[in-house]
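J.:
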Amino acid sequence: MIESNGLYFKTSTELEKIIVDLTCDDKGEFKRRDFVKPLLDFCTNQYYGDKVGLVFGQRYTGKTVGMLQAAKELMKLGHEVAYASFKPQEASMAQVTKEIEDLREKGITHFFVDEAQNLSLFLTRVPNWSDYIVPALLTKIVISGADSFLLWYTKIMFLMHRHVLFETSFMSFPEYKRLTGKPYASYKMTGGIFPSIKHDDYIRVSLVENLERMLLHCQEAHWTNIYADVLLGIERDELCKSITYILKLLAKDLITARFLERHGLNSVLCFTLLEKQRIINLVANDIAINPRLSILPTYAAEMLLEVLVKTGFLKERTVSSSIWGAPFTGFVICQNAIMSCVIDEVLKDIEKAGYPCQDEMQKAIRDATDSAANESIIVNHVIHNAKDEDKIFKCWRNYKPKVDVVVISSAQNTLKLIDVSDSANPDVAASQAKWMLADHSLDDLAPSGPGLMLTDHSIVELAPGGLSVHHCIVVYKGESVVVPIGGKSLYLINIEEYLEQYQVLDSFLSQLSS
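For the record, in the sequence shown the residue sitting at position 125 is 125 according to our numbering, with numbers rising by one throughout.
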């Protein structure tokens, strides 16, 4: 083991101490997040082309811990490793590059650079690491940082085609359960964020401060854009309120509609994904009429929405609708803890709207919000765990029940339409789902794109000779069972089992029906 610490990088025994301090507590070593294994694969392969590793994600999602766990494993395998974490303006890219070159001459092969965005001229100088340092010196460099907005911009601009991405923002339920041992009810409220932190504080440090640092880097590099021109003039508190408001809008329609429908007050279309322009219009209108947000120009709404996407709070997806026909851009909330805070604010709005919160009403609200959270998590899980050849769509119907997720597999020529039900009773769930397998449901096909048809909640084979229904899936809270209906199979799958088994769903269904 080489004892060769530089001015910034720590190696050997000093690095081992850092690893122990940051990856262990009094209960022992922290469990590894899922991204650590592919990160190790990247660090141990023999490819030294124009690629750096980029660990990207929001704060409190395990980036530093995962990097140090990878560093520890590399040291066990006999590799010489160096690690550094930087404070703002502590060093320049030129200084750190020179130290990497010096340490490489002494035998160090792997460099982990944490909080890399704090290095002066990081934006414009980081391509030198991928284009020269990595291939010329036969080394591996992994960079990370809490400034997710800046790193997002780096990966799509200065490191375009020059990085291998390891994203940490979204934690699937299987990963959460493996790490914490906690059930789905806990994951629904806190999944993806480890510490207990106030909603407003999290928005401020993970979004607003990130954005401010991004703008400062743009100025430092003598480069400016619409964000620097407009958002620099917005006060931090106003920016935080506006971002929170956008997050609130993304869930408000779904929760309110389900609440009204469950209580029999109205029949309203329900959806989690909202079209981009509608969100922009709503935010701009709220800014215009709300004195506390009057400092914001109305066209800042689109910028703030993009900030949420670029920092990983929202996933942007092309959505196909059987009502509107043409696909459009939609969004789904990725942080369950953020989703739970958004739900709290929406519930306050429902109460302010004049609906009495008696016991029955409170139950309806809880059921509606629970269903909304379930749907958001299901969509997220499918988006992150679906194979590359799968595509995700969203479908609305003007009758009940609703389709929550549509998965189109181009490889298998199948549609998988999933409904999230709140019923824990198999008989009730089966009764509610019988219409899904009715023959007449196949008559209600609506084109939604080239060669694509959306139909009922069944898995449908897109065969040249026509459509043939295989089976129907309903994700609900009860025990997983198979209900035969008219020679076909209705699968009622427990929501935890579904989230755990999504990637091997075919074999899971086979085991369930055998």
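No residue lacks a Cβ here, since even glycine has one placed at the ideal position from N, Cα and C. On a predicted model such as this, the values are computed, not experimentally measured, just so you know.
Please classify threonine 13 as buried or exposed, where buried requires at least 16 other C-beta atoms within 10 Å of its C-beta.
T.: Result: exposed.
J.: Buried or exposed: where does arginine 236 fall if 16 or more other Cβ atoms within 10 Å of its Cβ makes it buried?
T.: It counts as exposed.
J.: Sorted by chain position, which residues of the same chain lie with C-beta nearer than 6 Å to phenylalanine 85's C-beta, five sequence neighbours on each side aside?
T.: Correcting the residue identity first, residue 85 is serine in this sequence and not phenylalanine. If we look at serine 85 and ignore the five residues flanking it on each side, its Cβ neighbours are Asp114, Glu115.
J.: Pop quiz: valine 309 and serine 242 are said to be a contact at Cβ under 8 Å. What is the actual Cβ separation, rounded to whole angstroms?
T.: Not quite, the Cβ-Cβ distance comes to about 15 Å (not below 8 Å), so this is no contact.
J.: Suppose contacts are defined by Cβ-Cβ distances below 8 Å. Is arginine 213 in contact with leucine 150 by that definition?
T.: Yes. Within cutoff.
J.: Out of Ala288, Glu345, Leu159, Glu302, state which residue places its alpha-carbon closest to the alpha-carbon of lysine 248.
T.: Measuring from the Cα of lysine 248, the nearest candidate turns out to be Glu345.
J.: Going by DSSP, what residues sit across from asparagine 494 in a beta bridge?
T.: According to DSSP, asparagine 494 bridges with Tyr476.
J.: What are the start and end residues of each continuous alpha helix (DSSP H) run of 4 or more residues lying completely inside the region 5 to 36, in chain order?
T.: Correct list: 12 to 23.
J.: Taking its Cβ as the centre, do 16 or more other Cβ atoms sit within 10 Å of glutamate 99, making it buried, or is it exposed?
T.: By the neighbour-count rule (16 or more Cβ atoms within 10 Å), glutamate 99 is buried.
J.: Is DSSP giving phenylalanine 56 helix, strand or coil here?
T.: Strand, per DSSP.
J.: Going along the chain, which unbroken runs of the beta strand (DSSP E) with 3 or more residues stay wholly within the region 60 to 120?
T.: Counting whole runs of 3 or more residues, the region 60 to 120 contains the beta strand (DSSP E) stretches 81 to 85, 110 to 114.
J.: Going along the chain, which residues of its own chain have a beta-carbon closer than 8 Å to the beta-carbon of cysteine 334, five neighbours each way excluded?
T.: Hits under 8 Å: Ser169, Phe170, Gly192, Gly312, Phe313, Leu314, Lys315, Asn380.
J.: In three-state terms, what does DSSP make of leucine 232?
T.: Three-state result, leucine 232: coil.
J.: Could you compute how far the alpha carbon of tyrosine 476 sits from the alpha carbon of proline 426?
T.: Going by the C-alpha atoms only, they are around 9 Å apart.
J.: When we look at the beta-carbon of phenylalanine 9 and count the other beta-carbons within 10 Å, is it buried (16 or more) or exposed?
T.: With 16 or more other Cβ atoms within 10 Å, it is buried.
J.: Can you tell me whether methionine 303 is buried or exposed? The criterion is at least 16 other CB atoms within 10 Å of its CB, across all chains shown.
T.: So methionine 303 counts as buried.
J.: Across which residues does DSSP place phenylalanine 166 in a beta bridge pair?
T.: Partner(s): Val55.
J.: Excluding sequence positions up to five away, which residues of its chain have a Cβ less than 6 Å from the Cβ of valine 81?
T.: Excluding residues within five positions, the ones whose Cβ falls inside 6 Å are Ala71, Leu74, Met75, His110.
J.: Once you ignore the five residues that flank alanine 368 on each side, which residues in its own chain have a CB closer than 7 Å to its CB?
T.: Counting only Cβ-Cβ distances below 7 Å, and skipping sequence neighbours, we find Ile255, Arg258, Phe259, Arg262.
J.: DSSP on histidine 384, reduced to helix/strand/coil?
T.: It is helical.
J.: Across which residues does DSSP place phenylalanine 331 in a beta bridge pair?
T.: Phenylalanine 331 is bridged to Glu316.
J.: Sort out for me which residues DSSP pairs threonine 414 with in a bridge.
T.: Partner(s): Ser409, Glu461.
J.: Please state the DSSP three-state secondary structure of lysine 182.
T.: Note: lysine 182 maps to coil in three-state DSSP.
J.: Suppose you measure from the CA of alanine 372 to the CA of alanine 251; what does that come to, to the nearest Å?
T.: If I take the Cα positions, the gap works out to 8 Å.
J.: On a Cα-Cα basis, can you pick out the residue from Ile408, Asn45, Lys352, Ile133 that is closest to aspartate 102?
T.: Selected option, being the one with the closest Cα: Ile133.
J.: Return yes when at least one heavy atom of the ligand FAD lies under 7 Å from the C-beta of glycine 66, else no.
T.: With respect to the ligand FAD, the structure shown offers nothing to examine, as it has no ligands at all.
J.: List the endpoints of the continuous alpha helix (DSSP H) containing proline 426.
T.: Start and end: 426 to 433.
J.: Would you call the CB atoms of valine 55 and glycine 66 closer than 8 Å?
T.: Yes, the pair counts as a contact, with Cβ atoms nearer than the cut-off.
J.: When the Cα atoms are used, what is the spatial distance from isoleucine 350 to alanine 424?
T.: Going from the Cα of isoleucine 350 to the Cα of alanine 424 covers about 26 Å.
J.: Nearest CA to the CA of valine 307: which residue from Ala364, Asn118, Lys87, Asp147?
T.: If we check each option's Cα against that of valine 307, Asp147 comes out closest.
J.: If we ignore side chains and look at the alpha-carbon of each, how far apart do aspartate 422 and valine 428 end up?
T.: Going from the Cα of aspartate 422 to the Cα of valine 428 covers about 10 Å.
J.: Counting Cβ pairs closer than 8 Å, one from the region 181 to 191 and one from the region 31 to 49, do we hit at least three?
T.: Counting Cβ pairs under 8 Å, fewer than three are found: no touch.
J.: Given leucine 232, which residues of its chain have a CB within under 6 Å of its CB, disregarding the five upstream and five downstream residues?
T.: Correct list, in chain order: Leu215.
J.: Which residue's Cα is closest to the Cα of serine 510: Gly107, Ser489, Ser144, Gly62?
T.: Residue Ser489 is the option with its Cα nearest to serine 510.
J.: Where does aspartate 390 fall in DSSP's three states?
T.: The answer is strand: DSSP assigns aspartate 390 an E or B state.
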